[in-house]
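Numbering (my numbering), first residue to last: 159 to 357.
Backbone N, C-alpha and C fix where the C-beta goes; we use that ideal spot for every residue, glycine too.
Here the structure is a predicted model, which is why all the values come from computation and not from measurement.
First comes the structure, then the notes that go with it.
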């Protein structure tokens, strides 16, 4: 019974951390519109840090779940979306200059969501190795964007290339994986697994 209580407590703690990120997204958006950038950029850092913490704790205490996985994905997407809206408000010239790359990424993002909703009736939550890798660099670029006087263009192009690869991989995964799954390592491992002889 003690183990069950400890497990439940860990489950609630991990999801509470994720909920923080979900609930902070509208607050971040409000801060942007009221031009409270000094508070916004600190809270944005906290949100990105909670993304690293909740995933690590979920795996450590073995409290991963379908609900937690979807909650994490939605919270991540909202945090990134708010940070991108901030780019539009804070430095619209940067957005105009890099509009093609941004449009490609936004299109692929919504295409992936549409494909998952059509196939699984809910958003995907693969959490591939590539997605985790990309998330780190997205967070680094977006945080630096608000702290440095000029955007780091080399990092932006690197992150954009990785993001496009990640979204293409996730679209392909939606097309080839018949049922909703989470914690998929990546396309290579799915293909490798399907190529193994059936026992």
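Excluding sequence positions up to five before and after residue 310, its CB lies within less than 6 angstroms of the CB of 302, all in the same chain and listed in chain order.
When the Cα atoms are used, residue 239 and residue 296 turn out to be separated by approximately 11 angstroms.
The continuous alpha helix (DSSP H) containing residue 240 extends over residues 224-248. Per the DSSP secondary-structure output, residue 340 pairs in a beta bridge with 283. By the C-beta criterion, the region 221-233 is judged to be in contact with the region 275-282, since at least 3 inter-stretch pairs fall below 8 angstroms. In the structure shown, residue 194 adopts coil according to DSSP, grouped into three states. Where residue 261 is concerned, the enclosing alpha helix (DSSP H) starts and stops at 257-278.
The Cβ atoms of residue 222 and residue 183 lie no closer than 8 angstroms to each other. No Cβ-Cβ contact shorter than 8 angstroms links residue 257 with residue 245.
Non-local beta-carbon contacts of residue 177 in its own chain, meaning distances under 6 angstroms to residues more than five positions away in sequence, are absent.
Under the DSSP assignment, residue 310 falls outside any alpha helix (DSSP H); it carries neither an H nor an E label. Distances from the CA of residue 305 to each of 180, 220 and 241 were compared; the closest alpha carbon is that of 241. Put simply, the backbone Cα of residue 317 is about 8 angstroms away from that of residue 299. Rounded to the nearest angstrom, the gap between the Cα atoms of residue 327 and residue 208 is 25 angstroms. Residue 335 sits in coil when the DSSP states are folded into three classes, being neither helix nor strand.
In the displayed model, residue 177 falls within a helix according to three-state DSSP.
For residue 350, the enclosing alpha helix (DSSP H) covers residues 345-353.
Closest in alpha carbon position to residue 341, among 216, 315 and 275, is 216. When secondary structure is reduced to three states using DSSP, residue 220 falls in the coil class, being assigned neither helix nor strand. Distances from the alpha-carbon of residue 167 to those of 294, 220, 248 and 307 put 220 closest.
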